[in-house]
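Trainee: Submitted below is the structure of interest, expressed as structure tokens.
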Amino acid sequence: MRDAGTLIGLIVILAVFGALVPGFFAERNLINILQQSSINACLALGMTLVIISGGIDLSVGPTAALSAVISASMLVAGVAFPLAIAAGFAIGLACGLLNGVLVAHVGLQPFIVTLGTLSTYRALALIYTGGNPVLGLPAGFRAIFNGSLFGLPLAVIIVAVVALIAWIILKKTPFGEYLLAVGGNEEAAYIAGVPIARTKIAAYMISGLLAALAAQILIGRLGAAEPILGNLWELDAIAAAAIGGASLMGGKGSVVGTILGAVILGTMRNGLTLMNVQSFYQLLATGLIILAAMLIDRVTRGRG
Amino acid sequence: MSPRLQFAGISKLFPAVRALDDVSFSVGAGEIHGLLGENGAGKSTLLRILSGVYRPTAGSVLIDGQPVTLNNPVAARAAGVAMIHQELQQVPRLSVAQNMFLGHPLTRGGIFVARSEQERRAAAALAAIDPSIDPAAPLGSLKVAQRQIVEIARALLDRARIVAMDEPTSSLTPSEFERLAKVIAGLAREGVAVVYVSHKLDEVFGICKRATIMRDGAVVGSVDLAQVSEKSVVAMMVGRELAQEQHRAHATGVVRLSVRGLASATKVHDVSLNLNRGEVLGIAGLVGSGRTELLRLLAGADRASSGTIEIDGKAVRFSGPRDAIAAGIGLVPEERKREGIVPLRSITSNMALASMGVFAPRGVIDHRRLKRVAAEKMKRVNLRPFLLDRPIRLFSGGNQQKAIIGRWLAAGTRILLFDEPTRGIDVGAKAEIYRLIEELAAEGHSVVVVSSELPEVIRLADRVLVMRDGTVAAELDRASLSEQAIAAHAIPQTKMQNGQVHAGSSAGPQARQ
């Protein structure tokens with residue numbers, strides 16, 4: 001139901017740009033939109049799971065940066081690709097684990113914990129690289145993430161697979177039910193025997209892992225890793241999840257909605273750029289879209 | 001003389017629902033008028049019209065013979081109507097006085113809040129009813145009963161002519177209720193018309209002279225409570241005679257749960273008990289005697305500091321509810337909204353929460369099996385309406401309770417712990433829950449029922465433990481079971497001599513004077 005509303009929103013936006021921008025519906029451009037949305041979609045999927053659990057992960061950008069610079073410097077040093085990529089994923093998982101433990105076991109508020117680790121992880125990335133970008137990634141590594149399959153960029157396919165897995169997790173596994181229960185009413189979930197801490201920690205670890213995946217996709221595309229990469233990524237990810245129907249109160253959210261939300265944001269950016277709209281106005285349009293989505297949500301569904 | 005409050009032909013239509021149908025009755029000045037009916041009978045809708053939240057589709061409200069337009073809560077307040085809600089609408093961090101002036105603070109020059117003047121006036125209003133309350137104290141530091149009194153003082157301060165109270169005593173102890181009853185009687189002496197909504201019939205009989213009974217949005221009748229029996233009032237509420245069912249015992253001699261010297265860090269000291277297969281064990285005692293805390297220890301929700309628990313002769317240790325559930329114990333908590341249900345999720349999801357491992361043997365939920373089991377268990381507990389995909393928050397309290405019971409049936413639980421199993425539940429649904437508990441016992445489940453309602457304990461229990469100060473003060477078998485016997489053991493001796501405390505909400509004599 002809610003996803004249908006998000007889809008209608010996307011169709012309206014597509015129609016508007018289709019009418020205003022010649023060549024907007026060209027296959028090349030549509031693929032572009034998907035590619036440009038893929039990194040945010042990847043982060044937003046992890047964010048959705050965390051938000052459903054009743055938390056938030058503000059540290060995804062710096063987690064991605066830390067993962068990126070470590071993978072990149074291993075690649076430059078000649079470490080085998082799988083090992084370097086695995087190291088990047090491990091960094092993402094570790095960042096998520098720390099967030100999760102501080103939230104679930106120490107009992108700190110998710111906003112504050114990830115605000116703290118946002119600075120901490122960014123600082124570690126800067127300290128590790130001395131503030132300089134890691135340049136000269138091997139061409140073979142870049143080829144992995146820049147390839148394409150069935151005419152679609154590999155990055156898009158990877159994120160589509162991640163989305164499918166996230167959808168299965170949420171709809172078909174006990175962990176998905178636990179996420180919804182913990183975010184929906186933690187005390188009741190506890191009495192019903194839901195493993196609260198494990199569920200929350202897993203959500204943050206998935207978010208960290210997906211941030212690391214987004215980092216690999218990005219450095220593959222750019223051929224370099226900057227320690228300042230991923231600045232403000234968390235905001236786009238939260239926006240995509242919220243447009244898609246996730247409630248920041250927890251207990252509610254949708255994988256399909258989040259993907260549509262990420263594509264809506266990507267479409268806005270793509271269309272406005274093609275129309276040569278100044279970046280200030282692009283920012284304005286993005287802000288208004290988020291507010292409009294929330295307003296429509298409230299008006300159509302009433303309270304709660 | 002025209003009555004202080006009169007409802008004249010009030011109807012309220014919602015899309016597809018006629019919530020109120022031609023409701024008429026009146027309440028005189030100085031009268032405490034009971035308003036009775038099952039959940040969904042229309043009491044809350046009527047109170048919302050009185051307090052300006054809803055506007056009637058037809059009919060009018062008259063105060064002292066004058067029709068009044070209550071378009072919003074501010075207008076209702078200006079007309080002299082004060083509402084005291086079941087869930088108190090107060091701000092715990094603000095002071096008592098600040099809460100009493102919430103929304104219309106006294107100011108100096110319209111800019112600065114005149115705190116000391118607020119506190120002086122608050123103290124004056126409180127002096128009449130409970131001088132022990134400090135107007136400067138943070139409201140959150142007060143007990144629920146005192147907070148209720150603050151709300152009443154606020155009504156006095158507003159010079160309310162009509163006070164409507166919605167389930168004011170749902171979380172009060174008997175002695176607190178008696179205090180409240182005196183305050184309400186005081187209000188009535190001042191000429192205030194009081195509309196008193198409660199599920200507890202004995203309370204209504206105790207403090208009201210007349211009562212209006214509603215069913216399905218319409219008035220069934222207004223009665224003089226001195227002329228009618230509780231039984232006939234219940235029949236008016238539910239539209240049929242509820243068979244007064246007798247206790248049936250199914251207990252066997254086989255010990256299932258054995259507890260020795262169980263204690264927690266705070267409220268439970270040295271509790272030992274046995275629970276047999278098919279037995280319903282009642283636990284009575286005053287609020288604060290450690291009953292709820294004992295159940296939480298048994299359910300693994302809190303950690304025991306010492307003592308042992310054995311199930312079927314095997315020692316068990318719980319580090320969380322998960323362990324207790326695995327050992328076959330499930331808790332049906334007192335506060336359903338807070339500890340029982342996940343409101344946005346469906347009946348099926350709420351039911352399955354405790355037995356996910358069963359429904360997902362290979363990591364992925366077998367939805368077909370889940371649906372089948374949900375249908376079976378919800379039929380078993382007689383869920384109404386039978387809509388398994390509907391969010392549980394849209395169901396009545398009684399049906400939410402049935403879903404929670406179904407949760408434990410699905411999890412294969414053998415020991416069910418009920419904390420106040422019928423709190424906030426209709427009379428009709430109450431009888432169903434009782435029958436369900438008995439059937440569970442007959443099937444061989446072992447059941448513990450903690451309850452403040454002595455008739456409930458007596459109706460259900462094969463044996464009763466009376467708790468006092470965190471320990472078992474007495475054990476009563478059915479032969480020696482009576483409200484008086486329970487009360488005698490539940491009350492600390494010193495207090496009993498003062499004659500202040502009465503066990504159980506229904507230990508009526510004092511309350512009915």
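Protein sequences appear in the order of chains W and X. The first sequence: position 155 = 155 (UniProt numbering), numbered continuously. The second sequence: position 152 = 152 (UniProt numbering), numbered continuously. Beta carbons: idealized from backbone N, C-alpha and C, even for Gly.
Residues of chain W with CB under 7 Å from G363/X, in chain order?
Mentor: In chain order: T173.
Trainee: Output yes if chain W places a C-beta closer than 9 Å to the C-beta of P321/X; else output no.
Mentor: yes
Trainee: Name, please, each residue of chain W whose Cβ falls closer than 8 Å to the Cβ of A301/X.
Mentor: Y190, I191
Trainee: What residues from the segment 320–350 of chain X come within 7 Å of chain W, judged by C-beta to C-beta, listed N to C?
Mentor: P321, R322, I325, L331, P333, R338, E339, G340, I341, V342, P343, L344, R345, S349
Trainee: Determine whether the Cβ of R407/X lies closer than 9 Å to any Cβ atom of chain W.
Mentor: yes
Trainee: With a cut-off of 9 Å, does the C-beta of N185/W fall near any C-beta of chain X?
Mentor: yes
Trainee: Going by the beta-carbon positions, is the gap between residue 575/X and G59/X smaller than 9 Å?
Mentor: Residue coverage of chain X in this structure runs from 1 to 513, which leaves residue 575/X outside it and unanswerable.
Trainee: Please compile the residues from chain W whose C-beta is within a distance smaller than 7 Å of the C-beta of A354/X.
Mentor: Chain W residues near A354/X: A192, G193.
Trainee: Going along chain W in order, which residues have a C-beta closer than 7 Å to the C-beta of A360/X?
Mentor: T173, P174
Trainee: Mapping the DSSP letters down to three states, classify H33/X as helix, strand or coil.
Mentor: strand
Trainee: Reducing DSSP to helix, strand and coil, say where I84/X ends up.
Mentor: strand
Trainee: Measure the alpha-carbon distance for A212/W versus I91/W and round it to whole angstroms.
Mentor: 7 Å
Trainee: Are any of the Cβ atoms in chain X nearer than 9 Å to that of E234/W?
Mentor: no
Trainee: What is the DSSP secondary structure of V161/W, reduced to helix, strand or coil?
Mentor: helix
Trainee: Quick one: which chain X residues come within Cβ less than 8 Å of A181/W?
Mentor: V342, R345, S349, L353
Trainee: Would you list, in sequence order, the uninterrupted alpha helix (DSSP H) runs of no fewer than 4 residues that lie entirely inside the segment 37–106 of chain X?
Mentor: For the segment 37–106 of chain X, whole alpha helix (DSSP H) runs of length 4 or above, ordered along the chain, are 43–50, 73–78, 96–100.
Trainee: Looking at the C-beta of K200/W, does it have a partner C-beta in chain X at a distance below 9 Å?
Mentor: For K200/W, the answer is no, since every Cβ of chain X falls outside 9 Å of its Cβ.
Trainee: Got a sec? Which residues, its chain only, sit under 7 Å from L416/X by beta carbon, not counting five neighbours each side?
Mentor: G330, V332, W408, L440, H445, V447
Trainee: Can at least three beta-carbon pairs, one atom from the segment 276–291 of chain X and one from the segment 477–493 of chain X, be found at a separation below 8 Å?
Mentor: Yes: at least three Cβ pairs fall under 8 Å.
Trainee: Going by C-alpha to C-alpha distance, which of L209/W, G223/W, G184/W sits closest to P343/X?
Mentor: G184/W
Trainee: Contact between the segment 164–175 of chain W and the segment 36–51 of chain W: three or more CB pairs below 8 Å?
Mentor: Cβ pair count under 8 Å is three or more, so yes.
Trainee: Could you name the residues that DSSP lists as bridge partners for D426/X?
Mentor: None; D426/X has no bridge partner.
Trainee: What separation, rounded to the nearest whole angstrom, lies between the Cα atoms of S175/X and T169/X?
Mentor: 11 Å
Trainee: Report the neighbours of G251/W on chain X: residues whose CB is nearer than 9 Å to its CB, in chain order.
Mentor: Within 9 Å Cβ-Cβ: V342, P343, L344, R345.
Trainee: Can you tell which of N274/X, G398/X, N276/X, G285/X has the C-alpha that lies nearest to the C-alpha of E335/X?
Mentor: G398/X
Trainee: Three-state secondary structure (DSSP) at residue 345/W?
Mentor: Here chain W has residues from 1 to 304 only, and residue 345/W is not among them.
Trainee: Counting contacts by CB-CB distance shorter than 9 Å, is R303/W in contact with chain X?
Mentor: The pLDDT assigned to R303/W is 41, lower than 50, so where the model puts this residue is not dependable, and the model offers no usable value.
Trainee: Please confirm whether I168/W has its beta-carbon closer than 9 Å to some beta-carbon of chain X.
Mentor: yes
Trainee: Report the start-end ranges of each alpha helix (DSSP H) in the segment 131–186 of chain X that is 4 residues or longer and not cut off at the edges.
Mentor: Here the runs fully enclosed are 144–157.
Trainee: Do V255/W and L34/W count as a contact pair if the criterion is CB distance below 9 Å?
Mentor: no
Trainee: Does S272/X come out as helix, strand or coil in the three-state DSSP assignment?
Mentor: Collapsing the DSSP output to three states places S272/X in a strand.
Trainee: Hey, is the segment 41–48 of chain X in contact with the segment 66–80 of chain X, meaning 3+ C-beta pairs nearer than 8 Å?
Mentor: no
Trainee: Any idea which residues DSSP pairs S480/X with across the strands?
Mentor: None; S480/X has no bridge partner.
Trainee: Thinking C-alpha only, which one of F24/W, G261/W, W233/W is nearest A246/W?
Mentor: Nearest option by C-alpha distance: G261/W.
Trainee: Kindly say whether H367/X, judged by its beta-carbon, lies nearer than 9 Å to any beta-carbon of chain A.
Mentor: As a matter of chain content, chain A is missing from the structure shown, whose protein chains are W and X.
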